[in-house]
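Residue numbers (our numbering): 2 to 260.
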């Protein structure tokens, strides 16, 4: 047994576990096991029944709104497993702050942008669905992509409605603005470093343009520095210093998830 994004181990009971309760409630269902140290060694606890009552009171008194949780008591090993379910009434706050779990198994406070996103989720809304600040939008880049990838011939507002980018009540939403030729959002900053991060050989900033263009422009930078041709006999072979598929995934993930 070792800690992960969905599992935290506690040899003793302190109030720090409440941050993890907030994190699991806000993101993914997880477990906190009390009576086990960080190395997975069972330490055991005394008076398990009383401790469960104490844990329950701590959660109810300190987490707002009330999360969904339950206890599993192992009287032989003298350990308590607290299972915290991901909730619907986000954000779940501990001392007025929301928390999340990192890939390193640590629990950290979310920033203001993420707190706003959690608040929208609690209202069953998504940032992309909100009305865009900019409404005079053009979609030449998106139109070209749809023509090339889907052989779409008639690009119209009906197409944008089908893609959930436009509706008659609120007009264009944030998703539409992100895909528009020009927008008000920050973009992608990509740099080619030298021997260390203090030595910048090249830097490209793609802002206020469609995320499709950002993605394409970033791949052009990749091709410039990480692809080359090698002549072997009578053949010219294209080589990659790092796999393009991995690079594409690295760029696509933050564009899609806004992280």
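Heads up, the beta-carbon is just placed ideally off N, CA and C, and yes, glycines get one too.
Since the structure is predicted, the reported quantities are computational estimates derived from the model, not experimental observations.
field: Length at least 4, wholly inside the region 178-236: the alpha helix (DSSP H) runs in chain order
entry: If you keep only unbroken alpha helix (DSSP H) runs of at least 4 residues inside the region 178-236, you get 212-227.
query: residue 124 by DSSP, collapsed to three states: which one?
result: Coil at residue 124, not helix or strand.
task: Taking the CB atoms as reference points, tell me whether residue 81 and residue 35 lie closer together than 7 Å.
output: Cβ distance < 7 Å, so residue 81 and residue 35 count as in contact.
- prompt: According to the Cβ coordinates, are residue 214 and residue 114 closer than 7 Å?
  reply: Not a contact, by the Cβ cut-off of 7 Å.
4 or more residues per run - each alpha helix (DSSP H) lying fully within the region 106-180: Unbroken alpha helix (DSSP H) runs of no fewer than 4 residues, entirely contained in the region 106-180, are found at 113-123, 141-151, 158-163 and 175-180, following chain order.
- request: Please look up how many angstroms separate the CB atoms of residue 247 and residue 177, rounded, as I've assumed it's under 8 Å.
  value: For residue 247 against residue 177, the beta-carbon gap comes to about 30 Å, at or over 8 Å, which does not count as contact.
task: Might you give, ordered along the chain, the residues of its own chain that have their beta carbon closer than 7 Å to the beta carbon of residue 144, omitting 5 neighbours on each side?
output: Apart from the 5 residues on each side of it in sequence, residue 144 sits with its Cβ closer than 7 Å to the Cβ of 156 in its chain, given in chain order.
query: Per DSSP, what kind of secondary structure is residue 46 in: helix, strand or coil?
result: Residue 46 sits in coil when the DSSP states are folded into three classes, being neither helix nor strand.
message: What does the Cβ neighbour count give for residue 239, buried or exposed, with the cut at 16 atoms within 10 Å?
response: If you draw a 10 Å sphere on the C-beta of residue 239, you find fewer than 16 other C-beta atoms in it, and that means exposed.
- prompt: DSSP on residue 250, reduced to helix/strand/coil?
  reply: Helix.
- request: Counting only the same chain and skipping the five closest in sequence on each side, list residues whose C-beta sits under 7 Å from that of residue 109.
  value: Correct list, in chain order: 100, 101 and 103.
field: Strand pairing of residue 65, partner residues [DSSP]
entry: According to DSSP, which records beta bridges pairwise, residue 65 is partnered with 94.
- prompt: Is residue 253 buried or exposed, if buried means 16 or more other CB atoms sit within 10 Å of its CB?
  reply: Label assigned to residue 253: exposed.
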